[in-house]
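A.B. asks: In the working numbering, the protein residues as written are -14 to 400.
Cβ coordinates follow ideal geometry from the N, Cα and C atoms, glycine included.
Keep in mind that this is a model prediction, so the values were computed, not measured.
This is the structure:
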């Protein structure tokens, strides 16, 4: 299926396709656009591959009212990224995403948008939003023919009082004269910095469920018929959870799991898993997985090895759990060895497992034992965590004097 249309505005028509395109001894399925070089030659635009399904019809129209031709199918929209030809242009096309701790500051504090008048007459414009935590400077006026104005969209001091959470607003840039080029940009504000909420340093056994040769203890540095052997200890301390602490995993292994107990993420957003990994796994069909469940029954695949991995040192890895774990009262994490066919690599070793997140509402980050106040128990915990990330209050990654001062400032009942 194809459509002949001038997309680039040079009076040399392009061919938009949703089919299999052959050329130069190769082919591309479900592709996008063949560009006209001005002499009748067509070249596949590699940046637009993947536009549309191979059996869909294509519509060509100015969908965003900027004078340029856009393309659409039943499943995709392809907006023309050329500068607006008529009316009002708005650049950049990016939205404003700001983030920071409760009480601020937020970064970036603002974003500048440039409005350009592409007409041969003056136009009136406005820039408006709804949230009281944004400020729009130079939000109304006139733009002479061919001229431009800068509009600054900023996060104001009202955001400092917002509880932890995610906030959104839409800024509308309106051409009041003829509405050619009207645009919107989203403003997204994340209040709250992820910090360690649940920590499992694995110095002692947390009692997680183990299948097969999964075990808690000290690895012995054996194995490594392919890749490196197991470590001889944890990243911190001697102990880890690992699959076969005395050597390689075997072939012919079915899904064999290490499963945490239930983890409470009911008051968290932007949940992230962070841990240290020493993993050896051979090419497919041998596999290693990380999986997640909110009911202890059905597990989603979060990550798979997808090829050989031969760690020869401890690796710090993070995985975003937020689409599945945010706001959930029970979250189970699972490290899986298998299925395997070949065998002969050291398998999983994990240490220092952490769950990070943003606590919703007005935070009390110094209340480490979650008993509703900041007291001696919290102070003792912070001192025991000195120099590590586990007592971090200010979000800089370690526990130091700044965190001690923050705890003392918060002493007493949490808000």
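Helix or strand or just coil, what does DSSP make of residue 222?
C.D. replies: Residue 222: coil per DSSP, three-state reduction.
A.B. asks: Just checking my contact of residue 98 with residue 185 at CB under 8 Å: how many whole Å lie between their CB atoms?
C.D. replies: In fact, because the Cβ distance is near 45 Å, the residues do not count as touching under 8 Å.
A.B. asks: Specify whether the stretch 201 to 208 and the stretch 222 to 241 touch according to this definition: at least 3 beta carbon pairs, one from each stretch, less than 8 Å apart.
C.D. replies: Enough Cβ pairs lie closer than 8 Å, so yes.
A.B. asks: Going by DSSP in three states, residue 61 sits in which element: helix, strand or coil?
C.D. replies: If DSSP states are grouped into helix, strand and coil, residue 61 belongs with coil.
A.B. asks: Give the DSSP-derived three-state secondary structure of residue 81 in the structure shown.
C.D. replies: Reduced to three states, the DSSP call for residue 81 is strand.
A.B. asks: Looking only at its chain, what residues have a beta carbon closer than 6 Å to the beta carbon of residue 188, apart from the 5 residues adjacent to it on each side?
C.D. replies: So the list reads 222, once near-sequence residues are dropped.
A.B. asks: Rounding to the nearest angstrom, what Cα-Cα distance links residue 151 and residue 173 in this structure?
C.D. replies: One C-alpha to the other measures close to 7 Å.
A.B. asks: Enumerate in chain order the residues of its own chain whose CB-to-CB distance from residue 47 is below 8 Å, with the five nearest sequence positions on each side excluded.
C.D. replies: Once the five neighbours on either side are set aside, the close Cβ partners of residue 47 are 53, 54 and 55.
A.B. asks: For the beta strand (DSSP E) that residue 133 lies in, which residues bound it at each end?
C.D. replies: 133 to 140 is the extent of the beta strand (DSSP E) around residue 133.
A.B. asks: If I measure Cβ to Cβ from residue 303 and keep anything under 6 Å in the same chain, skipping five residues before and after, which residues do I get?
C.D. replies: If we look at residue 303 and ignore the five residues flanking it on each side, its Cβ neighbours are 257 and 259.
A.B. asks: Taking residue 197 as the reference, give the member of 234, 180, 167 and 346 with the closest Cα.
C.D. replies: Checking every option, the nearest Cα to that of residue 197 belongs to 234.
A.B. asks: Note down, in chain order, each residue of its chain lying with its Cβ closer than 6 Å to the Cβ of residue 323, except the 5 sequence neighbours on either side.
C.D. replies: So the list reads 238, 239, 240 and 241, once near-sequence residues are dropped.
A.B. asks: Is residue 375 helix, strand or coil by DSSP?
C.D. replies: Three-state DSSP puts residue 375 in a helix.
A.B. asks: Starting from the C-beta of residue 393, find all residues in its chain whose C-beta is less than 7 Å away, skip the five residues before and the five after it, and write them out in chain order.
C.D. replies: Cβ within range, chain order: n/a, list empty.
A.B. asks: Report the rounded CA-to-CA distance for residue 95 versus residue 145, giving the unit in angstroms.
C.D. replies: Computed Cα separation, rounded: 15 Å.
A.B. asks: Can you look up residue 271 in the DSSP assignment and give me helix, strand or coil?
C.D. replies: Coil at residue 271, not helix or strand.
A.B. asks: Residue 122 and residue 143: beta carbons closer than 8 Å?
C.D. replies: No, Cβ-Cβ distance for residue 122 and residue 143 is not below 8 Å.
A.B. asks: Where does residue 1 sit, in a helix, a strand or coil, going by DSSP?
C.D. replies: Correct three-state label for residue 1: strand.
A.B. asks: Within the same chain, show all residues whose beta-carbon is closer than 6 Å to that of residue 191, passing over the 5 residues directly before and after it, in chain order.
C.D. replies: Counting only Cβ-Cβ distances below 6 Å, and skipping sequence neighbours, we find 185.
A.B. asks: Assuming the contact rule is C-beta atoms closer than 8 Å, residue 107 and residue 127 should be a hit. Round their C-beta distance to whole Å, please.
C.D. replies: Sure, about 5 Å apart at Cβ, within 8 Å.
A.B. asks: For residue 57, collect the residues of the same chain with a Cβ closer than 6 Å to its Cβ; drop the 5 residues on either side in sequence, then sort them by chain order.
C.D. replies: Cβ neighbours of residue 57 beyond the five flanking positions: 44.
A.B. asks: Extract the residue ranges of the beta strand (DSSP E) inside the stretch 104 to 174, only unbroken runs of 3 or more that lie entirely within it.
C.D. replies: With a minimum length of 3 residues, the continuous beta strand (DSSP E) runs that stay inside the stretch 104 to 174 are 108 to 113, 119 to 122, 125 to 128, 133 to 140 and 150 to 160.
A.B. asks: Which of helix, strand or coil does DSSP assign to residue 369?
C.D. replies: Reduced to three states, the DSSP call for residue 369 is helix.
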